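J.: The sequence shown begins at 73 in my numbering and counts up one residue at a time.
One structure is given below, represented as structure tokens, and several questions about it will come after.
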Amino acid sequence: MIVNFESAVENLSKNGFLDIEIDVRLDLFDEIEKLKKEKNAIILAHYYQEPDIQDIADYIGDSLGLAQMAEKTTADMIVFAGVHFMAETAKILNPTKKVVIPDFKAGCSLSDSCPPELFKRFKEQHPDHIVISYINCSAGIKALSDIICTSSNAKVIVDSLPKDQKIIFAPDKNLGAYINKTSGREMVLWNGACMVHEIFSLEKITKLKTRHPEAKLIAHPECEEAILRIADFIGSTTQLLKYTQQKEFNSFIVATESGILHQMEKLSPEKTFLAAPTDNACACNDCPHMKLNTLEKLYLCMKYEQPEIVMDEQLRLAAKKPIDRMLEMSKALGI
Ligand code: 13P
Ligand code: SF4
73 MIVNFESAVE NLSKNGFLDI EIDVRLDLFD EIEKLKKEKN AIILAHYYQE
123 PDIQDIADYI GDSLGLAQMA EKTTADMIVF AGVHFMAETA KILNPTKKVV
173 IPDFKAGCSL SDSCPPELFK RFKEQHPDHI VISYINCSAG IKALSDIICT
223 SSNAKVIVDS LPKDQKIIFA PDKNLGAYIN KTSGREMVLW NGACMVHEIF
273 SLEKITKLKT RHPEAKLIAH PECEEAILRI ADFIGSTTQL LKYTQQKEFN
323 SFIVATESGI LHQMEKLSPE KTFLAAPTDN ACACNDCPHM KLNTLEKLYL
373 CMKYEQPEIV MDEQLRLAAK KPIDRMLEMS KALGI
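Pasting the structure below:
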């Protein structure tokens, strides 16, 4: 723990966050509320953030909702409680606003699975294809893409394109395969995946379903095909949340990151939610990147306005085009 501000800043690139001691008697909820007003700041949080962060956020959403909110906010400072590519997207849309993130090292295995240099060569091998990239990618990949999509709008965007349009879909092979299957397409897929959604155990889920025959298995499309095949409903985090609010269903097995259970339980306290079991040693489906953010780091990044997202302007402009296209298409398609 570093107490001195100057040395905390010096160590920022190594640590990813400001490692400054906080007085344990401080009520961080109150302090964060004060900072919000003082700095005209908005806290945008993804559903996979820890419950305390979700509870203090001004807006909680999935990747599409967060991008849409980032586009329209009038706040001076955007505090992005999510992973790096999400905060970067907010900065791409808001070059004049300050965008801060509690922990700069909150990355994404899916985004990391698609390095721009390799992807550029892959793209050159398919010159007659357009590129649709899932928003879970770096600005470098966005700059090489024609349209960005999220799990909320990917299928609708692909379906809106002419049937004979050749498409490369990156970086998530599971979401890409799911769209190929449901849309009858043959998109060329980049071989990337999310470490959290690939660890669900088909065998354990099947056993759980047998023990809870009334429970609906709901899954995020980043899950592997074997899990999606037995799911009762497939959707983005927001779509899964909405599904659980339907009156006729009372019990769910949830195959996505566990952070979403907080909102599900809050919105439907009388219902039962079971986290889908995994194959990994710790048997948890927490995203280690999302969970790097804590309430303490959130408070520090608001107070000291660091770590801040800064971007090369040329890269920002190139990455913005396919995001703008997604936002326009989403609006036109009513999503
Ligand atoms: P959505 O926010 O589109 O549901 O995607 C989930 C995810 O993995 C974000 O990192
Ligand atoms: Fe990336 Fe998966 Fe974590 Fe989402 S849940 S941030 S896709 S590693």
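For each residue, glycine too, the CB sits at the ideal point set by N, CA and C.
Keep in mind that this is a model prediction, so the values were computed, not measured.
(1) Which residues bound the alpha helix (DSSP H) around residue 223?
(2) I'd like to know whether the C-beta atoms of residue 182 and residue 243 end up nearer to each other than 8 Å.
(3) Please indicate yes or no: does the CB of residue 266 lie closer than 7 Å to some heavy atom of the ligand 13P?
(4) Under a three-way DSSP split, which group does residue 278 fall into?
(5) Using the beta-carbon count (16 or more within 10 Å), is residue 112 buried or exposed?
(6) Relative to the C-alpha of residue 306, which candidate in 292, 318 and 316 has its C-alpha closest?
(7) Have a look at residue 349 and residue 296 and give me their C-alpha separation to the nearest angstrom.
(8) Please find out if some non-hydrogen atom of the ligand 13P comes closer than 7 Å to the beta-carbon of residue 399.
(9) In angstroms, rounded to a whole number, what distance separates the CA positions of residue 220 and residue 105?
(10) Identify the continuous beta strand (DSSP E) that holds residue 364 and give its terminal residues.
(11) Residue 231: which of 253, 147 and 91 sits nearest, CA to CA?
(12) Taking the alpha carbon of residue 381 as the point to measure from, which residue in 76, 78, 85 and 240 has its own alpha carbon closest?
(13) Does the beta carbon of residue 152 sit closer than 8 Å to a beta carbon anywhere in chain B?
(14) Taking 6 Å as the limit between beta carbons, can you name the residues of its chain near residue 89, skipping five residues before and five after?
(15) For the ligand 13P, is there a heavy atom less than 7 Å away from the beta-carbon of residue 292?
(16) What did DSSP end up calling residue 179 once you bin it into helix, strand or coil?
(17) By how many angstroms is the C-alpha of residue 351 removed from the C-alpha of residue 338?
(18) Indicate whether residue 115 and residue 151 have their beta-carbon atoms separated by less than 8 Å.
(19) Taking 7 Å as the cut-off, is the CB of residue 286 close to at least one heavy atom of the ligand SF4?
(20) Can you tell me which residues fall inside 5 Å of the ligand 13P, judged by beta-carbon distance to its nearest heavy atom, and keep chain order?
(21) As a quick exercise: from 251, 329 and 342, pick the residue whose alpha carbon is nearest that of residue 319.
(22) Determine which residues share a DSSP beta bridge with residue 264 and list them.
(23) Decide if residue 269 is buried, meaning its Cβ has at least 16 other Cβ atoms within 10 Å, or exposed.
(24) By DSSP, does residue 89 sit in helix, in strand, or in coil?
T.: Quick look at the numbers:
(1) The sequence position of residue 223 within the sequence shown is 151, counting from 1. Residue 223 -> no alpha helix (DSSP H), and no H or E assigned at all.
(2) Locating residue 182 in the sequence shown gives position 110, counting from the first residue. Locating residue 243 in the sequence shown gives position 171, counting from the first residue. Contact flag set, yes.
(3) Your numbering for residue 266 matches position 194 in the sequence shown. Yes, the Cβ of residue 266 comes within 7 Å of a heavy atom of the ligand 13P.
(4) Residue 278 sits at position 206 when you count from the first residue of the sequence shown. DSSP places residue 278 within a helical segment (H, G or I) once states are collapsed to three.
(5) Here residue 112 refers to the residue found at position 40 of the sequence shown. Burial call: exposed.
(6) Here residue 306 is taken as the residue at index 234 of the sequence shown, counted from 1. In this structure, 292 is the residue among 292, 318 and 316 with its C-alpha nearest to the C-alpha of residue 306.
(7) Within the sequence shown, residue 349 is the residue found at index 277, counting from 1. Within the sequence shown, residue 296 is the residue found at index 224, counting from 1. Annotation: residue 349 to residue 296 spans about 14 Å, alpha carbon to alpha carbon.
(8) For this step, residue 399 is matched to residue 327 along the sequence shown. Outside the cutoff, so no.
(9) Residue numbering aside, residue 220 sits at position 148 when the sequence shown is read from its first letter. Residue numbering aside, residue 105 sits at position 33 when the sequence shown is read from its first letter. Whole-angstrom Cα-Cα distance: 33 Å.
(10) The residue you call residue 364 lines up with position 292 of the sequence shown. Neither: residue 364 is in no beta strand (DSSP E) and is coded neither H nor E.
(11) To locate residue 231, count along the sequence shown from 1; it is residue 159. Of the candidates 253, 147 and 91, the one whose C-alpha sits nearest the C-alpha of residue 231 is 253.
(12) The sequence position of residue 381 within the sequence shown is 309, counting from 1. Closest in alpha carbon position to residue 381, among 76, 78, 85 and 240, is 85.
(13) Reference to chain B is not applicable here, since this structure consists of a single protein chain.
(14) Stepping through the sequence shown from its first residue, residue 89 is reached at position 17. Only 175 and 369 meet the Cβ criterion.
(15) Walking along the sequence shown from the start, residue 292 turns up at place 220. Residue 292 Cβ: within cutoff of the ligand 13P.
(16) Mapped onto the sequence shown, residue 179 falls at position 107. When DSSP states are grouped into helix, strand and coil, residue 179 belongs to the coil group.
(17) Here the question's residue 338 lines up with position 266 in the sequence shown. Here the question's residue 351 lines up with position 279 in the sequence shown. Straight-line Cα distance between these residues: approximately 27 Å.
(18) Locating residue 115 in the sequence shown gives position 43, where the first residue counts as 1. Locating residue 151 in the sequence shown gives position 79, where the first residue counts as 1. Remark: C-beta atoms of residue 115 and residue 151 approach each other more closely than 8 Å.
(19) Numbered from 1 along the sequence shown, position 214 holds the residue referred to as residue 286. No, the beta carbon of residue 286 sits no closer than 7 Å to any heavy atom of the ligand SF4.
(20) Taking a cut-off of 5 Å from the heavy atoms of the ligand 13P, the residues with a C-beta inside it are 134, 135, 222, 223, 308 and 309.
(21) For this step, residue 319 is matched to residue 247 along the sequence shown. Nearest option by C-alpha distance: 342.
(22) Locating residue 264 in the sequence shown gives position 192, where the first residue counts as 1. DSSP output for residue 264 lists 244 as bridge partner(s).
(23) Within the sequence shown, residue 269 is the residue found at index 197, counting from 1. Answer is buried; the Cβ neighbour count reaches 16.
(24) What you label residue 89 is simply residue 17 of the sequence shown in a count that begins at 1. Residue 89 falls in the coil class under three-state DSSP.
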